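If you read the sequence shown in UniProt numbering, its first letter stands for residue 1, the second for the next number, and so on.
Glycine included, C-beta positions come from ideal geometry on N, C-alpha and C.
Because the structure is a prediction, the values reported are computed rather than measured.
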Amino acid sequence: MPVYEYLCDSCGDFTSLRPMSAYAEPCDCPDCGEPAPRVMLTAPHFASMSRERMTAHATNERSSHAPMSTDEYKARSHGANCSCCSGGMKSRTKSRTAKAPNGAKSFPSARPWMISH
């Protein structure tokens, strides 16, 4: 829930933690109990954020305190001929065929409509 600012005519300004659905409604003053209208006295916190922090929050892919550099990303990724990254032929070391105890074959991950030879 966000914190909203309100201005009471007799007591001054105050803040209140309220649900977003009640953003336009007045809030009762904690001192005198009179309803006070919502005002914007200070700028939102994101206005004073650095550009890097805003980008990190917007993309939500890397941490704002230590984003990954291009060199770090390249070091973690696989080589140019990697089949998982380059979209080439997939490795055939593990069979995709599942065999039942009675000897029947099935292909759970690839083309279930095709019949095995």
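Out of 105, 103, 6, 30, the CA that lies nearest to the CA of residue 40 is found in 6. Rounded to whole angstroms, residue 27 and residue 43 show a C-alpha spacing of 20 Å. Rounded to whole angstroms, the separation of the alpha carbons of residue 30 and residue 1 is 18 Å. Approximately 44 Å separates the beta-carbon atoms of residue 38 and residue 73; this is outside 8 Å, ruling out the contact.
Short of 7 Å from the beta carbon of residue 18, and not among the five residues preceding or following it, lie these beta carbons of its own chain, in chain order: 1, 4, 27. Residue nearest to residue 35 within the set 58, 11, 104 is 11 (criterion: CA-CA distance). Residue 71 carries a helical assignment under DSSP once its states are collapsed to helix, strand and coil.
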